[in-house]
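Comments concern the structure below.
There are 2 protein chains.
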Amino acid sequence: MAMQDMQLAHHECGDCPIRHRAVCARCEADELTRLEQIKYYRSYQAGQTVVWSGDRMDFVASVVTGIATLTQTMEDGRRQMVGLLLPSDFVGRPGRANAAYDVTATTDLVMCCFRKKPFEDMMLTTPHIGQRLLEMTLDELDAAREWMLLLGRKTAREKIASLVAIIARRDATLRLKTPKGALVFDLPLTREEMADYLGLTLETVSRQISALKRDGVIVLEGKRHVTIPDFDRLLEEAGDDSDGGMIG
Amino acid sequence: MAMQDMQLAHHECGDCPIRHRAVCARCEADELTRLEQIKYYRSYQAGQTVVWSGDRMDFVASVVTGIATLTQTMEDGRRQMVGLLLPSDFVGRPGRANAAYDVTATTDLVMCCFRKKPFEDMMLTTPHIGQRLLEMTLDELDAAREWMLLLGRKTAREKIASLVAIIARRDATLRLKTPKGALVFDLPLTREEMADYLGLTLETVSRQISALKRDGVIVLEGKRHVTIPDFDRLLEEAGDDSDGGMIG
DNA sequence: TTTCCCATTTGATTTACGTCAAGGCTTCCT
DNA sequence: AGGAAGCCTTGACGTAAATCAAATGGGAAA
């Protein structure tokens, strides 16, 4: 763990609820010394499970690099993704002993973990942590509500277009712009993971991706590499009110 | 407004993020004097809209009595409910100027409102308010995620059974137990509102309610009055893992 | 290179739910 | 009493997506 600390550059913890100043191993001012005792980094390989729903979870964490998912599973195996965690996103709930969802690394993943008890203590003494956490939780709640509209009312085609747009908007690290203004990035999810995100089967996901490709809404190279020639067109296909949260 | 203040008994603000001690018109200790200047009550009739999505919203609020919903609407009219607010639930987001959803009173409704600016100021100076709000927001996020599983993966029959179970669990005010242990309450939603909650059409809602009635899972008198003879049976029909959050 | 494995695509068929349409039951209004 | 307007239920039919079943393709191992 100490090794990993050393390898993390100044800002890699990004927007995590404890400001990076207070977290980054390179910084030595203010709260750092105290924090050093309660945080550590942990790596996971793609496909590995971070925690199982119901398991004891004595830490909270922030994604540093990679992508993780939260999923719920019914007894008969039906699965629904309920959270998609990109760098700087927060996992775990202060004041709860056991995980409520399966947390899985979908790519190689590095998380910045805080032992729960001292983290909770710190929240009481350091107001901005709680404030930041509230802000992030409210953002997640908004995202969850948009997701509910998608799950409850959108067609399969709209769902796929929405997901592509969501990924294009959120995953700034993978996003590039060509000279012509097209967006280019890699889908970080398999077809099955997309299906779990969207409440569809993987066959339907595949068919609708083929259809969007055929219609020129997206351009695919291989299975993962996507180009979006016209983002407004994609948003239309997604059924979203105009450009709610357009890329700059 | 002053009249209404007088009519509210000591605890009616229930579990709202500002403890009732600090809110209730009858109390005169501690923070109350300061708070009096920034809070007020407001009543709405069943069916009335509290705010439209996009409208300026210069207050945050807590439901005192009655039921409100948050809904999202697509351009072509498709609607999805994304929040069901019962007494003590919180509406509005500190740090956001405009409403993100339509807020509608589905029954007669009394809300306890706080002007936003002073509320935000108070959050900075009074930590327990932010802490309580974080806790409530995390609960809502959990509820949203359970809701996502429902929308994405459950059958129409499971959706109806789930909704009935959710209402039976949450709406303590309307809930009664017969000598035999059956639960009795009134559905606070029309068939159409249920459909908006569940991502179904009202016809499908009606058919599935009829089916659950036919199969003895629920007993209906009139259109709204429900008896649940066997709550475990209902949970089975809902496809939920055993009794996650059973009534005491 | 060849083979195997797994993710993905595509096709054929079924089905759950949506759509369209009609009719019943309350409650309210004149 | 007689509409009229809301809700709700029920029926007939259509369709989007699920299910079942091969076929394809690309990367890793041998």
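So the protein sequences, as listed, match chains A and B.
When we follow the working numbering, the leftmost residue of the first sequence carries the number 35, and every step to the right adds one.
When we follow the working numbering, the leftmost residue of the second sequence carries the number 35, and every step to the right adds one.
Every residue gets a Cβ at the ideal spot worked out from N, C-alpha and C, and that includes glycine.
It should be emphasised that the depicted structure is a prediction, and the values quoted were computed from it without experimental measurement.
Going along chain A in order, which residues have a C-beta closer than 9 Å to the C-beta of residue i?
i	result
GLY273 (chain B)	MET108, GLU109, ASP110, ARG112
In the DSSP assignment, find the unbroken alpha helix (DSSP H) run with residue i in it and report its ends.
i	result
SER196 (chain A)	190-204
LEU246 (chain B)	236-248
ASP173 (chain A)	161-187
MET228 (chain B)	225-232
LEU268 (chain B)	265-272
Assuming residue i and residue j are in contact, meaning their beta carbons sit under 8 Å apart, how far apart are those beta carbons, in whole angstroms?
i	j	result
ILE194 (chain B)	LEU246 (chain B)	6 Å
SER77 (chain A)	ASP136 (chain A)	At roughly 19 Å, the Cβ-Cβ gap does not stay under 8 Å, so SER77 (chain A) and ASP136 (chain A) are not in contact.
THR138 (chain A)	THR83 (chain A)	5 Å
VAL97 (chain A)	MET91 (chain A)	About 15 Å separates the two Cβ atoms, so there is no contact after all.
GLU174 (chain B)	LEU175 (chain A)	6 Å
THR171 (chain A)	LEU172 (chain B)	6 Å
ALA178 (chain B)	ALA133 (chain A)	Not quite, the Cβ-Cβ distance comes to about 17 Å (not below 8 Å), so this is no contact.
Leaving out five residues on either side along the sequence, give the residues of the same chain with a beta carbon under 7 Å from the beta carbon of residue i.
i	result
GLY278 (chain B)	Here GLY278 (chain B) scores only 46 on pLDDT, less than 50, and its place in the model should not be relied on; the value that follows carries that caveat. Nothing listed; no residue qualifies.
GLY273 (chain B)	LYS188, GLU192
VAL116 (chain B)	LEU104, THR105, GLN106, TYR135
GLN242 (chain A)	ALA190, ARG191, ILE194
ALA216 (chain A)	THR261, ILE262, PRO263
LEU197 (chain B)	MET228, TYR231, LEU232
ASP205 (chain B)	LEU120, PHE219, PRO222
Using alpha carbons as the reference points, say which of the options lies closest to residue i.
i	options	result
GLU227 (chain A)	A:LEU118, A:GLN79, A:THR99	A:LEU118
LEU167 (chain A)	A:VAL125, A:MET91, A:PRO263	A:VAL125
MET145 (chain B)	B:GLY164, B:PRO121, B:HIS162	B:PRO121
ALA199 (chain B)	B:ALA80, B:GLU174, B:ASP266	B:ASP266
GLU180 (chain B)	B:LYS214, B:ALA216, B:TYR231	B:TYR231
ALA229 (chain A)	A:VAL239, A:GLY186, A:ALA133	A:VAL239
GLU255 (chain A)	A:GLN79, A:GLN114, A:ASP220	A:ASP220
ILE101 (chain B)	B:PRO263, B:ILE201, B:LEU234	B:ILE201
GLY186 (chain B)	A:ALA133, A:LEU217, A:MET170, A:MET108	A:MET108
GLY81 (chain A)	A:THR140, A:ARG248, A:ALA131, A:SER244	A:THR140
ASP89 (chain A)	A:ARG248, A:ALA131, A:LEU234, A:GLY233	A:ALA131
THR224 (chain B)	B:THR235, B:LYS214, B:ALA133	B:THR235
ILE72 (chain A)	A:ASP275, A:GLY111, A:CYS147	A:CYS147
Mind pulling the chain B residues with CB within less than 9 Å of residue i?
i	result
GLN242 (chain A)	Within 9 Å Cβ-Cβ: nothing; GLN242 (chain A) doesn't reach chain B, min ~16 Å.
For residue i, return the contacting residues in chain A, with the cut-off set at a CB-CB distance below 7 Å.
i	result
LEU172 (chain B)	ARG127, THR171
MET182 (chain B)	GLN114, VAL116, ALA178, TRP181, MET182, LEU185
ALA334 (chain B)	Absent from the structure is residue 334 (chain B), since the part of chain B shown begins at 35 and ends at 282.
GLY233 (chain B)	LEU185, GLY186, ARG187
Tell me which residues share the same chain as residue i and place their Cβ nearer than 8 Å to its Cβ, disregarding the 5 neighbours each side in the sequence.
i	result
PRO128 (chain A)	VAL94, LYS150, PHE153, GLU154, MET157, LEU167
GLU271 (chain A)	ARG191, GLU192, ALA195, LEU246, VAL251
MET35 (chain B)	Confidence at MET35 (chain B) is low in this model, with a pLDDT of 35, below 50, so the placement of that residue is unreliable and no value is reported for it.
ILE281 (chain B)	The pLDDT assigned to ILE281 (chain B) is 44, lower than 50, so where the model puts this residue is not dependable; a value taken from the coordinates is nonetheless given after this. Cβ within range, chain order: ALA202, ARG203, ARG209, LEU217, PHE265.
MET37 (chain A)	Residue placement at MET37 (chain A) is flagged as unreliable, the pLDDT there being 37, under the threshold of 50; the coordinate-derived value follows with that caveat. Counting only Cβ-Cβ distances below 8 Å, and skipping sequence neighbours, we find nothing.
LYS214 (chain A)	PRO263
With respect to the beta strand (DSSP E) encompassing residue i, which residues constitute its N-terminal and C-terminal limits?
i	result
MET145 (chain B)	143-149
ASP220 (chain B)	217-220
LEU95 (chain A)	Looking at the sequence itself, residue 95 (chain A) is Ala, so the reference to Leu does not match. 93-99 is the span of the beta strand (DSSP E), which, as asked, contains ALA95 (chain A).
ILE72 (chain A)	From DSSP, ILE72 (chain A) is part of no beta strand (DSSP E); its letter is neither H nor E.
VAL116 (chain A)	113-119
VAL137 (chain B)	136-139
VAL85 (chain B)	83-85
VAL253 (chain A)	253-255
ALA102 (chain B)	102-107
THR261 (chain B)	259-262
Starting from the C-beta of residue i, find all residues in its chain whose C-beta is less than 6 Å away, skip the five residues before and the five after it, and write them out in chain order.
i	result
VAL253 (chain A)	THR261
GLY164 (chain B)	MET157
LEU143 (chain A)	TYR78, GLY100, ALA102
GLN114 (chain A)	GLN106
ASP123 (chain B)	VAL97
ARG258 (chain A)	ASP220, LEU221
Just the chain B side, please: which residues come within less than 8 Å of residue i by C-beta, in chain order?
i	result
LEU269 (chain A)	What LEU269 (chain A) touches in chain B: nothing, since even the nearest Cβ is about 12 Å away.
Taking Cβ-Cβ distances shorter than 8 Å, what residues in chain A pair up with residue i?
i	result
LEU175 (chain B)	THR171, GLU174, LEU175, ALA178
PRO161 (chain B)	LEU158, PRO161, GLY164
For residue i, return the contacting residues in chain B, with the cut-off set at a CB-CB distance below 7 Å.
i	result
LEU168 (chain A)	GLY164, LEU167, LEU168, THR171
Does at least one heavy atom of the ligand FMN sit under 7 Å from the Cβ of residue i?
i	result
ALA102 (chain B)	Although the ligand FMN was asked about, the structure shown includes no ligands whatsoever.
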